[in-house]
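Residue numbers (our numbering), protein chains in the order written: chain A, 1 to 284; chain B, 285 to 568.
We treat Cβ as the ideally placed atom computed from N, Cα and C, and that holds for glycine.
All values reported here derive from a predicted model rather than from experimental measurement.
Notes to accompany the following structure.
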């Protein structure tokens, strides 16, 4: 018999909704309970993403898996309540964008009883909300798993959760929270912040020009992320401040280094290093 | 009777080839002569992009329009030869990526006799060479026209060339060379150099990691330009050094400013400025 019969998805947005849709497509026959705002629940039930909307207090005690897909700081605030409500054999996991703050808090709260394993599916698309949730979102994505202790424990519930991730097409990678956060500072947070900085600097420099006439596709690509709204990012930035600041300083230093190299006509090595990184990405 | 009967396209690559294809599609019934390497000419004639391959010395004296679509520094080197060979009523124009060096040189060489007007179609796509030339490439693109004097002269040949640009779907904008170069330092050269710098910095930071596991679509977008080869860029960088260095310094300062704002929790304004620039681009 399957150990997981009921799943709580807390935060039924793009990620939580996509997890629910992917789970249903795997043939999961149990119930999926959604915890979100009334408007989101109305949308999510009408789209068939969750079976019904509940409060945390109603949903968690019935569930063997609690999937927290809210913003990082809301996850942190709700962990204690979830811990208190959860079944002794349940798995509580999350999909927050940074891991150190969440996993540190979970290490304090979880002991014997329900297990906590941090998670981060490296998947996304433009836009937000359950309306664009997608059963294919996790296909081919790396899924970071971050244990509170030395490694992810083995329980029947955890084994089933991990089998689901496999069947959704995720590449699971166990790692420490600080490693995760240092890497995403580069692979996720720098692309956003450098796009924002480039767009802000261009805006400042071209203030006198009413229309930006001489823009090509390169500029459009490099400023696409700058359209992101600050409220999506505020919590990520607050919970990964030191790695992000270190990386920003390194990028600024790299730019200054390139500026000096240009003066000497020695910028070729910079292009070659950029190409090497790009090839490593393209190979995957 | 049409004033232009024969066109020389010097440098039959993506831009020169696309100009020739677009011209043919407008119904131009005259001859299009290509000046390029034997291999490129073989490819260009088999694709029907040009009627035949010639040397500069054969092609220019027969042509009322000479369209120079080579790298910037090659254009500069060949200007004197082209000036000497050109018909007195001919228009010599170019499609080089920077304008100050070319237009300054042309101002010295051209006087009475053939006219020179600098040009820069803000169009492109990934890849190089006549094989990907495209009759639609200029559709909707801004086309900078940079006179050697105060404004673009009016001659029958120049009027016909400008009518062609209109019919190809270009938005013509007359501007000074220094203005052009200062703007493209931001709109074209910064996207490339910031992508290169970001990729190089990431490569350096993640050196110890064999595979970049936690990369999403944002990273891929932001490093796409970093795949560009240095030899495409070397001449552009050499001929626009000061505006590029000024812009690089400003971007690095913007990044440092953001780093400090993050520490105070005051980064929202940076996001808002980035969003504003992005909206200005998206509206177009």
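Under the Cβ distance rule, residue 385/B does not count among the residues neighbouring chain A, no pair being separated by less than 8 Å. With 16 or more other Cβ atoms inside 10 Å of its own Cβ, residue 22/A counts as buried. Interface with chain A (8 Å Cβ-Cβ cutoff): residue 506/B is included. In the DSSP annotation of this structure, residue 352/B is not part of any alpha helix (DSSP H); the continuous beta strand (DSSP E) holding it starts and ends at 349-352.
Among the residues facing chain B, residue 165/A is not included, as its CB has no counterpart in that chain under 8 Å away. Every beta strand (DSSP E) of 3 residues or more that sits fully in the stretch 455-485 of chain B is shown, in chain order, as 455-458. Look at residue 116/A here: in three-state DSSP terms it is strand.
Within the stretch 401-424 of chain B, contact with chain A at the beta-carbon level (separation under 9 Å) is assigned to 404, 406, 407, 408, 409, 410. Listed by position along chain A, the residues whose Cβ is nearer than 7 Å to that of residue 485/B are 250, 251, 254.
Residue range 6-10 is occupied by the beta strand (DSSP E) that includes residue 8/A. Positions of the beta strand (DSSP E) runs, each at least 3 residues long and wholly inside the stretch 85-168 of chain A, are given as 91-94, 115-121, 142-147 in order along the chain. Between residue 524/B and residue 431/B, the alpha-carbon positions lie close to 18 Å from each other. Less than 8 Å divides the Cβ of residue 228/A from the Cβ of residue 192/A.
Taking a beta-carbon distance threshold of 8 Å, residue 43/A does not count as an interface residue toward chain B. Two segments are said to touch when three or more pairs of C-beta atoms, one from each, lie closer than 8 Å; by this definition the stretch 263-272 of chain A does not touch the stretch 375-387 of chain B. Using a Cβ-Cβ distance cut-off of 8 Å, the stretch 468-487 of chain B and the stretch 433-452 of chain B are not in contact, since fewer than three pairs of beta carbons, one from each stretch, lie closer than that value. Taking a beta-carbon distance threshold of 8 Å, residue 188/A counts as an interface residue toward chain B.
By the Cβ-count criterion, residue 341/B is exposed, with fewer than 16 other Cβ atoms from all chains shown falling within 10 Å of its own Cβ. For chain B, the residues of the stretch 265-280 of chain A that bring a beta carbon within less than 9 Å of one of its beta carbons are 265, 267, 268, 269, 270, 271, 272, 273, 274, 275, 276, 277, 278, 279, 280, in chain order.
Annotation: Cβ neighbours of residue 244/A in chain B (cutoff 9 Å, chain order): 543, 546. Below the 7 Å Cβ cutoff, chain A contributes 213, 214 as neighbours of residue 426/B, in chain order. In the DSSP annotation of this structure, the continuous segment of the beta strand (DSSP E) that includes residue 34/A starts and ends at 31-35.
Relative to residue 325/B, the option among 295/B, 310/B, 352/B, 299/B whose CA is nearest is 295/B.
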